[in-house]
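Q:
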Amino acid sequence: MKRILLIKPCCIGDVIFATPLLAALRRAYPNAHITWAVNTSIAPVLYEHPHLNAVLELGESANPAAPCRLLGFVRQIGRLGADAVFVPDRSRWYSLATRLARIPMRVGLNSGGRGFAYTHKAAVQPEAIRHEAEVYLDLARLLGIPTDGLWAFAPLSVQAAVQAERFLHEAHLAHGGYLVIHPGGGVNVGMRLIEKRWPAENFAALAERLAERLKAQIAVIGAASDREAVARFKAALKQPCLDWSERFSLAEIAALAVRAALYIGNDNGVGHLAAAAGAKVLMIFGPTDPRRYAPFVPPERARYAWRPIALPKGGVSGGAPRHFDWARDGVSVEEAFAIACALC
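Residue numbering for the sequence shown follows this note's numbering, starting at 35 and increasing by one per position.
1. Bridge partners of Gly142, per DSSP?
2. Do Leu55 and Leu416 have their beta-carbon atoms positioned less than 7 Å apart in this structure?
3. Tell me the residue span of the beta strand (DSSP E) that contains Trp185.
4. Might you give, ordered along the chain, the residues of its own chain that have their beta carbon closer than 6 Å to the beta carbon of Gly47, omitting 5 neighbours on each side?
5. On the three-state DSSP scale, how would you describe Gln193?
6. Taking 8 Å as the cut-off, does the region 284 to 295 touch the region 123 to 137 (at least 3 CB pairs, one atom from each stretch)?
7. Nearest to Met139 by alpha carbon, out of Leu173, Glu161, His165?
8. Could you check what DSSP says for Gln251 in three-state terms: helix, strand or coil?
9. Is the region 236 to 246 close to the region 323 to 335, with three or more CB pairs under 8 Å?
10. Classify Met225: buried if its beta carbon has 16 or more other beta carbons within 10 angstroms, exposed otherwise.
11. Cα separation between Leu316 and Leu284?
12. Going by Cα to Cα distance, which pick from Ser259, Leu377, Phe237 is closest to Ala269?
13. Mind the definition here: the region 200 to 218 touches the region 244 to 262 only if three or more C-beta pairs lie below 8 Å; say whether that holds.
14. I'd like the list of long-range same chain contacts for Leu134, defined as Cβ closer than 6 Å, with 5 residues on each side in sequence excluded.
15. Can you list, in chain order, the residues of its chain with a C-beta nearer than 6 Å to that of Ala336? Leave out the 5 residues immediately preceding and following it.
16. Helix, strand or coil: which one does DSSP assign to Asn87?
17. Which of the three DSSP states, helix, strand or coil, is assigned to Thr322?
18. Using three-state DSSP, classify Val367 as helix, strand or coil.
19. For Cys102, tell me which candidate among Ala131, Asn222, Val121, Val72 has the shortest Cα-Cα distance.
20. Under 7 Å, do Leu86 and Ile68 count as touching if we go by C-beta distance?
21. By the 10 Å Cβ neighbour count, where 16 or more other Cβ atoms means buried, how is Asp123 classified, buried or exposed?
22. If we require 4 or more residues per run, which alpha helix (DSSP H) segments fall completely within the region 201 to 272?
23. Opposite Ile41 in the DSSP bridges: which residues?
24. From the DSSP output, in three-state form, read off Asp277 for me.
25. Do you know offhand how far Gln159's Cα is from Ser279's?
26. Which residue comes first and which comes last in the beta strand (DSSP E) that contains Arg337?
27. Specify, as a first and last residue, the run of the alpha helix (DSSP H) that Gly112 falls within.
28. Count Cβ pairs between the region 356 to 370 and the region 78 to 85 that sit closer than 8 Å; are there 3 or more?
29. Counting C-beta neighbours from all protein chains within 10 Å, is the total for Val141 16 or more, i.e. buried, or is it exposed?
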């Protein structure tokens, strides 16, 4: 293969889960030109990835369900002249688009018949509990490509690293001298699942205990959609904290997380990015399954806190359990604290 296209536009966590597949392709085809087609908002995560030659920013055509967007998407990927495309996504529209673009080898997931247009189909069993990254790696396995020893990887942006160092210096913060807490998340393009959020008051109690143990300051991050969770977190704290919400880019957050004593958050894309960039991460799970969605990195770098419960078949596409209650079904502050101490 000379020119390979990888299509995984959204969302941050899923893009991170597809990086082991990228590594497998690069290892198998060291001289190939590899392009990744991704949402414009997520593209910076991939700009400096050593296994990529190019990033195709999709803009509105990232969701090709509408006929006009489908044709635009077909034109975009067709111009690349790829002789093979890999699609670790369950969308029927990406399947159709790769065929319309006349890419000779089309390798993709086939869930519920949605991969009908691929030349090589990896069957997906929705009820089978497997990590998403392993499901994506099935595309490499279809072609006999080895997948051993591969983890999620998101390289730190050089510019973001420089900016993080400058910020920490000006703020008189040492490496390992602070905790990064993200009490929000659960809001993505086309999906809102804020039931994934551990109570902000629990985050506050956990952060205070860890800050005392580690002699570290507490920093909170969040996007505009996290304002309520951030406000509740700050109100529950009995000590001041550094409010970094709505202040830094994704790349800068990753750089700051890598330099922190620990990053703690819910099951969300920012946590997966931090883990793949090299940060120590504790991810809190509740109504989603860490066996499917935990950070796909070496266990010494990331752990999850979760009480096993019955969950909808098929993963997050099934939504949250109807009667899930964090107080009854979720992990306690004590449980999360014990796991955090094992990391740092």
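Don't be surprised by glycine CBs; every beta carbon is placed ideally from N, CA and C. Computed from a predicted structure; not experimentally measured.
A: Inspection of the coordinates gives the following:
1. Val121, Lys155
2. The structure shown has nothing for residue 416, since the chain only spans 35 to 378.
3. Careful: Trp185 lies outside any beta strand (DSSP E) and carries neither H nor E.
4. Gly303, His306
5. helix
6. no
7. Leu173
8. strand
9. no
10. exposed
11. 18 Å
12. Phe237
13. yes
14. Val108
15. Ala309, Val315, Pro329
16. coil
17. coil
18. helix
19. Ala131
20. yes
21. buried
22. 234 to 248, 261 to 270
23. Ala71
24. strand
25. 39 Å
26. 336 to 339
27. 101 to 112
28. no
29. buried
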